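**Student:** For what it's worth, this note's numbering labels the leading residue of the sequence shown as 35, then goes sequentially.
C-beta atoms are modelled at their ideal positions from N, C-alpha and C, and glycine is treated no differently.
From a predicted model like this one, the values you see are computed outputs, not experimental measurements.
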Amino acid sequence: GVTSIGSNAFYGCSSLALVSLPSGVTSILTGVFRNCSSLALTSLPAGLTSIGPNAFKACSSLALTSLPVGLDSIGVYVFQNCSSLALTSLPAGLGGISYGAFMGCYNLADVVFLGTPDNIDGNAFGGTSANLYVPWSEGEVAGAPWGTSGTITYDYVA
Numbered sequence: 035g036v037t038s039i040g041s042n043a044f045y046g047c048s049s050l051a052l053v054s055l056p057s058g059v060t061s062i063l064t065g066v067f068r069n070c071s072s073l074a075l076t077s078l079p080a081g082l083t084s085i086g087p088n089a090f091k092a093c094s095s096l097a098l099t100s101l102p103v104g105l106d107s108i109g110v111y112v113f114q115n116c117s118s119l120a121l122t123s124l125p126a127g128l129g130g131i132s133y134g135a136f137m138g139c140y141n142l143a144d145v146v147f148l149g150t151p152d153n154i155d156g157n158a159f160g161g162t163s164a165n166l167y168v169p170w171s172e173g174e175v176a177g178a179p180w181g182t183s184g185t186i187t188y189d190y191v192a
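1. So S163 and G138 are in contact, right, with Cβ under 8 Å, and what is the actual spacing, rounded?
2. On the DSSP bridge assignment, give the partners of T187 in chain order.
3. Taking P79 as the reference, which of A92, T37, A43 and D144 has the closest Cα?
4. Start and end of the beta strand (DSSP E) containing F147?
5. Any idea if V191 is buried or exposed, counting beta-carbon neighbours within 10 angstroms, 16 or more meaning buried?
6. Specify the secondary structure class of N69 as computed by DSSP and reduced to three states.
7. Using C-beta distances below 8 Å, list every residue in its chain close to T64, excluding the 5 sequence neighbours before and after it, in chain order.
8. Please say whether T122 and T99 have beta carbons closer to each other than 7 Å?
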């Protein structure tokens with residue numbers, strides 16, 4: 035079975051609209067679907083642990099509403115300029131969110147963190163107005179507001 039999708043495998047395939055990722059995929063490497071503007075993927079496989087830099091950058095039709103439990107890391111600029119991205123929650127156990135991961139995702143509105151990540155890099159939510167609901171106290175995770183112009187609600191219980 036497929037466990038990893040290699041770097042830049044589908045880079046720039048602007049007509050690629052539908053993809054079914056097998057359940058055994060644990061990593062999506064650098065730039066795999068970058069600039070696949072028609073990609074309307076709605077879910078990622080259970081068991082996915084990492085998403086590499088630029089993996090979905092500029093996938094303007096990407097329609098994910100959640101990320102799988104067990105995802106440990108979100109690389110630099112993973113979802114940058116994914117204007118249709120409508121995540122409503124981020125899974126517990128998420129270790130880190132890299133710089134610019136959700137930068138320019140204008141459709142993000144209310145995002146609930148279901149756990150406390152080890153770190154969130156600056157501008158992870160840059161250029162968005164996402165309201166973030168986090169289960170930790172103010173100052174517990176450095177760098178707030180991580181680029182969002184929205185509000186952050188601390189000590190939130192989902």
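**Tutor:** If we stick to the structure as given:
1. Wrong, their Cβ atoms sit about 12 Å apart, outside the cutoff.
2. Y167
3. T37
4. D144 to F147
5. exposed
6. coil
7. S41, N42, G86, P87, N88, A89 and G109
8. yes
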